[in-house]
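K.L.:
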Amino acid sequence: SDDEGNTYFGRNLDWSFSYGETILVTPRGYRYDTVFGAGGKAKPNAVIGVGVVMADRPMYFDCANEHGLAIAGLNFPGYASFVHEPVEGTENVATFEFPLWVARNFDSVDEVEKALRNVTLVSQIVPGQQESLLHWFIGDGKRSIVVEQMADGMHVHHDDV
Numbered sequence: 001s002d003d004e005g006n007t008y009f010g011r012n013l014d015w016s017f018s019y020g021e022t023i024l025v026t027p028r029g030y031r032y033d034t035v036f037g038a039g040g041k042a043k044p045n046a047v048i049g050v051g052v053v054m055a056d057r058p059m060y061f062d063c064a065n066e067h068g069l070a071i072a073g074l075n076f077p078g079y080a081s082f083v084h085e086p087v088e089g090t091e092n093v094a095t096f097e098f099p100l101w102v103a104r105n106f107d108s109v110d111e112v113e114k115a116l117r118n119v120t121l122v123s124q125i126v127p128g129q130q131e132s133l134l135h136w137f138i139g140d141g142k143r144s145i146v147v148e149q150m151a152d153g154m155h156v157h158h159d160d161v
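Last residue of the sequence shown: 161 in UniProt numbering, with the numbers rising by one and none dropped.
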């Protein structure tokens, strides 16, 4: 944040190669069926970010919505651990669609954190790709959290930065 109370969200995609990433835009209200049927808003938010389109799906590396909620997936190998099948009785979200699911359906970190109490992140591998071992930084104009799925469960850390 700056001296005037503005909050900034930024990161770099610091790889020495390209995934073919580009700017992606998902319009407000766009119909998108999640892999496991995870619910969401009746009229989803508009989303803009950087990612790729694979298997006819926008896969955001990082993105933000019209309310200023932003999310970035960051490398977490050696620690990230996901289930590979949906868990009955929870909101199952594929790891590759987690950024879009968050940005489309929530307006604040508070809303995301509340929803995460009943979310299972499921590693769903896109054909021809490998498992994405990530954790996520989520922020809005007021606060931020880090979401980590590890062998002992989901951890949500409050980030005071």
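All C-beta atoms in this analysis are idealised placements derived from N, C-alpha and C, irrespective of residue type, glycine included.
1) From valine 119 to alanine 151, what distance separates their C-alpha atoms?
2) Can you give me the start and stop residues for the alpha helix (DSSP H) that arginine 104 sits inside?
3) Would you kindly work out how many angstroms separate the C-alpha atoms of glutamine 124 and aspartate 140, rounded to a whole number?
4) For phenylalanine 17, I'd like the list of residues in its chain whose CB is within less than 7 Å of its CB, leaving aside the five on either flank, ordered along the chain.
5) Given a threshold of 16 other Cβ atoms within 10 Å of its Cβ, counted over all protein chains shown, does isoleucine 23 qualify as buried or as exposed?
6) Got a sec? Which residues, its chain only, sit under 8 Å from tryptophan 101 by beta carbon, not counting five neighbours each side?
7) Count the CB pairs spanning the stretch 70 to 89 and the stretch 102 to 122 that are closer than 8 Å, and state whether there are at least three.
8) Please say whether glutamate 21 and glycine 51 have beta carbons closer to each other than 8 Å?
9) Once you ignore the five residues that flank alanine 55 on each side, which residues in its own chain have a CB closer than 6 Å to its CB?
10) Measure the alpha-carbon distance for isoleucine 145 versus glutamate 88 and round it to whole angstroms.
11) Less than 8 Å between the CB atoms is what I'm expecting for alanine 64 and alanine 103, so what's the real figure, rounded?
P.N.:
If we stick to the structure as given:
1) 15 Å
2) Its alpha helix (DSSP H) spans residues 98 to 105.
3) C-alpha of glutamine 124 to C-alpha of aspartate 140: approximately 27 Å in a straight line.
4) none
5) exposed
6) Thr34, Ala38, Gly40, Val93
7) yes
8) yes
9) Val126
10) 26 Å
11) With a Cβ gap of about 6 Å, alanine 64 and alanine 103 count as contacting.
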